[in-house]
Each structure stands twice: as C-alpha cells, then as structure tokens.
Amino acid sequence: MKITLIHGQNHKGSTYYIARMTAEKIGGNIDEFFLPRDFNDGCSGCLACLHKGREHCPRSQKVGKIFGAMLLSDVIIMSSPTYVMEMTSHLKGFLEHIYTAWIAHRPEEAMFSKTAVVISTAAGMGMTGVTKSMAKQMFYLGIPKVYRLPFRVMASDWGGVNNKIKAKIESKTNKAARKIISRNGCAKPGIKTRFIFSMMRSFQKNNDYAPLDKEYWTNKNWLGKERPWKHIK
Ligand SMILES: Cc1cc2nc3c(=O)[nH]c(=O)nc-3n(C[C@H](O)[C@H](O)[C@H](O)COP(=O)(O)O)c2cc1C
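For the sequence shown, the numbering used here begins at 6 and goes up steadily by one.
Structure follows, in structure tokens:
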C-alpha cells in the first residue's frame, strides 16, 4: 500500500509517534512530510488557484509535491498536536493551498477511493475538535472513509505518556490499521459524499463566479452522466 504521512509539526513528540506507528502498522511505502519543514506558508489570498489554476499559485511547486504524493497514495495519514484547541497553523496553511481540489471546485477522481486517518493529541482538551476539523478537510477533498484518532495524552511529550494511555493508543491504532488492511486501503463514496456532490453539481450548472470550475465539471461530463467514482473497482 502507498501511504502519505503528513505531520502538522516538525518535532517528534506524541503526535509524531502515533502517526508513524499507525503508518507502520498499515505497512507499505511511506512518503513522509513535516510542516513547516516541507511547507511553510499561509494562503496570500491572490485567488490565482481559483481563477487561473493551482499551477499559478506562487507556491505551486511545494504544494504540488505534497498534494501529488496524496494523489498517488491509497492512504493519507494527517496528524497535528492540538494547539489552542485547533490544528497547527502550518497544517492549516497547507490545507488552504488545496481547497480548489474540494468537491465544491475541482475535485480529483483519485480521491474518491482513498482512506484517510486523522490524528491529534492534546494534553487535556481540544483533540476531538481537531480531528473533526481535519476529517472535514478530507471529506471535502472527496475522500470517502476517514478514521479519527483523537488522544488525550496528559503529557507534553511521548516519554511523559503513561502506560495506560499508551495501551489505549496501541489498541485504537491496531484496530484502525486492521480495518484499513482488510479493505486494502480502498473505500467507496457513501450517501453524504454523493449528496454533497449532487448539491455542488447543481451549483456548477449556474456558476458564473468561477468559470474554471464550471469548465472542469463540463469537461469531466459531471454535469452529464459521469461521476468521479464511477470507474472505481
Ligand atoms: C502552542 C501550544 C498550544 C497548546 N494548546 C493546547 C490546547 O488547546 N489543549 C490542550 O489540551 N493542550 C494544548 N497544548 C499541549 C499539546 O497539545 C500536547 O502536549 C500535545 O500532546 C503535544 O503533542 P506533541 O508531543 O506531538 O508535541 C498546547 C501546546 C502548545 C505548544
């Protein structure tokens, strides 16, 4: 299996260990990125991606490296420590650069068969909201199956996590990995994805705000009978 592992932080604390452990349990080729090491920007709001294409983003090369790996993988694992009850600014900054690949704009067919795992740790609280938020990002990219793994670690690094919590982490990551392996990393869009897609399809029919989006949907024949998941085996 091909796995893209995106860490929302550079350092190797609890979040890193859990994400890395999950990837290794699933097994396969792991393409690993650290933010901000591999991408360190927030969106500047030029909207070149929306109106001209993602290749016109001033940071398209760096974005393309990570997003390209995501497109080629079966499983995407994204992790972030909880910072002020949110994901890290570095991860959010990267996600801002790929919003034009959302179902609302120009989604990639390849996303509609992938599985994602989103992981967050917090000392006390906020990790469930962070995984919810990361899962939302994955959903709007078209990824049909997202496993959420929030952990209250009550520590500021992996060495400080007690054995009872480590056992819980071990068990939850084992369970998710087993499920992903049994499905070979593949998933099919459910009713929610299909519903949002059909809503966006109606919107695209009358879209005069972002002509590039409408052209994309027209060329894919998604305004006709084609669907991005139709050819998934
Ligand atoms: C800037 C910053 C903000 C934080 N905000 C929260 C928070 O909102 N809630 C919380 O429970 N812990 C918070 N923490 C603690 C970390 O989320 C927690 O220790 C986490 O497990 C660290 O992960 P790491 O070991 O991968 O660095 C914060 C830590 C930092 C450095």
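Even for Gly, the Cβ is constructed at its ideal location relative to N, Cα and C.
Predicted, not measured: the structure shown is a model, and the values here were computed from it.
At least 3 beta-carbon pairs within less than 8 Å: the segment 210 to 229 vs the segment 95 to 104 = No contact exists between the segment 210 to 229 and the segment 95 to 104.
What did DSSP end up calling GLU91 once you bin it into helix, strand or coil?
-> Here residue 91 is taken as the residue at index 86 of the sequence shown, counted from 1. GLU91: strand per DSSP, three-state reduction.
First and last residue of the uninterrupted alpha helix (DSSP H) at GLU175 | Taking the sequence shown and counting its residues from 1, the one referred to as residue 175 is at position 170. Start and end: 168 to 187.
Give me the Cα-Cα distance between TRP227 and PRO112, rounded to the nearest whole angstrom.
-> Looking up residue 227 in the sequence shown gives position 222. Looking up residue 112 in the sequence shown gives position 107. So the two alpha carbons sit approximately 11 Å from each other.
Residues that DSSP places opposite ASP36 in a beta bridge | Stepping through the sequence shown from its first residue, residue 36 is reached at position 31. Residue pairing of ASP36 in beta bridges, as defined by DSSP: THR9.
Please work out which residues of its chain come closer than 7 Å, Cβ to Cβ, to GLY18, disregarding the five sequence neighbours upstream and downstream, and give them in chain order.
-> As a position in the sequence shown, residue 18 is number 13, starting the count at 1. Cβ within range, chain order: PRO86, ASP162, TRP163.
With a 10 Å radius around its C-beta and 16 neighbouring C-beta atoms as the bar for buried, classify HIS63 as buried or exposed.
-> For the purposes of this step, residue 63 is identified with residue 58 of the sequence shown, where counting begins at 1. As written in the sequence, residue 63 is Pro, which differs from the His given in the question. Looking at its Cβ environment, which holds fewer than 16 other Cβ atoms inside 10 Å, PRO63 is exposed.
Any heavy atom of ligand 1 closer than 7 Å to the CB of GLY13?
-> Working through the sequence shown from its first residue, we reach residue 13 at position 8. False, no ligand heavy atom lies under 7 Å from that Cβ.
Could you pull the start and end residues of the alpha helix (DSSP H) that ALA128 belongs to?
-> As a first step, residue 128 must be located in the sequence shown, where it is residue number 123. That residue, ALA128, is in no alpha helix (DSSP H); it is neither H nor E in DSSP.
Measuring CB to CB, does ASP79 end up less than 8 Å from LYS184?
-> As a first step, residue 79 must be located in the sequence shown, where it is residue number 74. As a first step, residue 184 must be located in the sequence shown, where it is residue number 179. Cβ distance not < 8 Å, so ASP79 and LYS184 don't count as in contact.
Give the straight-line distance between the Cα atoms of ALA24 and THR126, rounded to the nearest whole angstrom.
-> Within the sequence shown, the letter at position 19 stands for residue 24. Within the sequence shown, the letter at position 121 stands for residue 126. The alpha-carbon atoms of ALA24 and THR126 are separated by roughly 10 Å.
Any idea what DSSP makes of ALA24, helix, strand or coil?
-> As a first step, residue 24 must be located in the sequence shown, where it is residue number 19. Of the three classes helix, strand and coil, the one that applies to ALA24 here is helix, per DSSP.
When you compare only the Cα positions, how much space is there between LYS230 and CYS191?
-> Translated into the one-based positions of the sequence shown, residue 230 becomes position 225. Translated into the one-based positions of the sequence shown, residue 191 becomes position 186. Computed Cα separation, rounded: 23 Å.
Could you tell me whether any non-hydrogen atom of ligand 1 is closer than 7 Å to the CB of MET83?
-> Numbered from its first residue, the sequence shown carries residue 83 at position 78. Outside the cutoff, so no.
What residue range is occupied by the uninterrupted alpha helix (DSSP H) comprising ARG199?
-> Taking the sequence shown and counting its residues from 1, the one referred to as residue 199 is at position 194. Residues 196 to 210.
May I ask you to check if the CB of GLY73 is nearer than 7 Å to at least one heavy atom of ligand 1?
-> For the purposes of this step, residue 73 is taken as the residue at position 68 of the sequence shown. For GLY73, the shortest separation between its Cβ and any heavy atom of ligand 1 does not lie below 7 Å.
Cα-Cα separation between PRO41 and ASN15, rounded to whole angstroms | On the sequence shown, residue 41 is found 36 positions in, with the first residue counted as 1. On the sequence shown, residue 15 is found 10 positions in, with the first residue counted as 1. Their backbone Cα atoms lie some 6 Å apart in a straight line.
Check whether the Cβ of TRP163 sits closer than 7 Å to any heavy atom of ligand 1, and report yes or no.
-> Here the question's residue 163 lines up with position 158 in the sequence shown. At least one heavy atom of ligand 1 is nearer than 7 Å to the Cβ of TRP163, so yes.
Using beta-carbon positions only, say whether ILE31 and ALA182 come within less than 8 Å of one another.
-> Translated into the one-based positions of the sequence shown, residue 31 becomes position 26. Translated into the one-based positions of the sequence shown, residue 182 becomes position 177. Closer than 8 Å, so yes.
Assign LYS150 to one of three DSSP states: helix, strand, or coil.
-> As a working mapping, residue 150 is identified with position 145 in the sequence shown. In this structure, LYS150 counts as strand in the three-state DSSP scheme.
VAL89, buried or exposed, once every other Cβ within 10 Å from all chains shown has been counted against 16 | Residue numbering aside, residue 89 sits at position 84 when the sequence shown is read from its first letter. Classification of VAL89: exposed, given that the 10 Å Cβ count is below 16.
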